[in-house]
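Each residue of the sequence shown is one higher than the one before, starting from 55 at the first, in the numbering used here. Using N, Cα and C, we set each Cβ at its ideal position, and we do this for glycine too. As the structure is a computational prediction, the values presented were derived from the model and not from experiment. Below is one structure, written out as structure tokens; the observations come after it.
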Amino acid sequence: MAIKYIDIHSHLQISEYDSDREVVLMRMREAGVGTIVVGVDYESSRQAVELAEKNENIYACIGLHPKDNTTEVFDTEAYRKLVQNPKVVAVGECGLDFFRLEGDSGKVEEIKAQQKKLFIQQINLAIEMDNPLMLHCRDAYREVLDILIPYKKQAGEKLRGNVHFFAGDVATAREFIQLGFTVSFTGVITFARNYDEVIRSIPLESILSETDAPFVAPVPYRGKRNEPAYVTEVVKKLAEIRGEDVEKFRIQLLENARRVFGVALL
Ligand SMILES: [Zn+2]
Numbered sequence: 055m056a057i058k059y060i061d062i063h064s065h066l067q068i069s070e071y072d073s074d075r076e077v078v079l080m081r082m083r084e085a086g087v088g089t090i091v092v093g094v095d096y097e098s099s100r101q102a103v104e105l106a107e108k109n110e111n112i113y114a115c116i117g118l119h120p121k122d123n124t125t126e127v128f129d130t131e132a133y134r135k136l137v138q139n140p141k142v143v144a145v146g147e148c149g150l151d152f153f154r155l156e157g158d159s160g161k162v163e164e165i166k167a168q169q170k171k172l173f174i175q176q177i178n179l180a181i182e183m184d185n186p187l188m189l190h191c192r193d194a195y196r197e198v199l200d201i202l203i204p205y206k207k208q209a210g211e212k213l214r215g216n217v218h219f220f221a222g223d224v225a226t227a228r229e230f231i232q233l234g235f236t237v238s239f240t241g242v243i244t245f246a247r248n249y250d251e252v253i254r255s256i257p258l259e260s261i262l263s264e265t266d267a268p269f270v271a272p273v274p275y276r277g278k279r280n281e282p283a284y285v286t287e288v289v290k291k292l293a294e295i296r297g298e299d300v301e302k303f304r305i306q307l308l309e310n311a312r313r314v315f316g317v318a319l320l
């Protein structure tokens with residue numbers, strides 16, 4: 055099938071889709087949508103790879119999220135084996151998430167240190183395997199940049215990737231772009247206006263579309279379970295905010311995804 059739109063971040067492997075995954079996949083094929091299915095721990099990463107192996111318009115991203123599974127100990131060797139699968143196109147989602155950290159101040163510092171350790175293990179894996187990173191970053195843009203900047207000096211082009219669900223300001227976006235990262239936006243941009251300025255300021259080659267499905271469905275599906283086929287609404291809205299021709303913009307987004315993740319345009 056020909057991919058016309060790419061949703062670079064979804065969680066199509068999770069149980070929310072167990073009852074009707076085939077129908078969701080069919081809607082994707084009908085709309086010409088491809089997606090990168092993102093793992094948040096070992097099990098969901100393995101399932102992402104499995105789904106990618108069965109569907110030509112699906113790719114996988116494997117990694118351990120900073121918050122979603124705090125009991126898992128990162129097993130580099132196990133993840134290294136997953137990365138070697140040809141349908142794995144990135145390492146993540148990984149990063150730092152300092153949003154509403156619970157506990158007393160001592161505990162918060164401990165959690166932050168643990169998140170940083172886990173993030174660094176995955177940066178090292180991505181550089182070693184020459185894979186882009188899929189970054190999850192919440193209330194911690196400065197801290198993430200401070201970790202990445204020294205790595206850029208030693209790893210050069212091998213350090214690269216995308217900042218998923220970007221919610222930072224224009225200056226922060228520029229810093230990530232300088233480091234060789236793109237930024238991606240979800241369906242939130244169809245109903246929240248506080249992303250418009252940053253969306254307009256980003257160079258055309260540094261922007262990507264995503265759904266983060268099953269979360270944050272775009273208008274007109276707002277409040278419902280999200281799915282990769284709805285990325286078409288995100289692309290339309292991004293083009294509208296930027297004042298671009300939708301068709302040209304759509305093609306540019308495919309080219310960006312191909313450059314960053316090496317996904318084949320079938
Ligand atoms: Zn996600």
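Item, Value
"Do the CB positions of T240 and K291 come within less than 7 Å of each other?", "no"
"Can you give me the Cβ contacts of T286 inside the same chain, cut-off strictly under 8 Å, excluding the 5 residues immediately before and after it?", "Y59, A85, V87"
"Quick one: residues in its chain with C-beta nearer than 6 Å to the C-beta of V145, no 5 flanking neighbours on either side, listed in chain order?", "G117, Q176, L179, A180, N185, L187"
"Given that a residue counts as buried once 16 or more other Cβ atoms are within 10 Å of its Cβ, and exposed if not, what is V273?", "exposed"
"Under 6 Å from any heavy atom of ligand 1, does the C-beta of V217 make it?", "no"
"Beta-carbon within less than 7 Å of S98's beta-carbon, same chain only, minus the 5 sequence neighbours each way: which residues are those?", "Q67, I68"
"So which residues put a beta carbon under 6 Å from any heavy atom of ligand 1, going in chain order?", "H63, H65, V92, E147, D266"
"Can you name the residues that DSSP bridges to H190?", "G149"
"Is the stretch 139 to 156 in contact with the stretch 192 to 202, if contact means three or more CB pairs nearer than 8 Å?", "yes"
"Do you know how far the Cα of E264 is from the Cα of F173?", "22 Å"
"Identify whether S73 lies in helix, strand or coil by the three-state DSSP scheme.", "coil"
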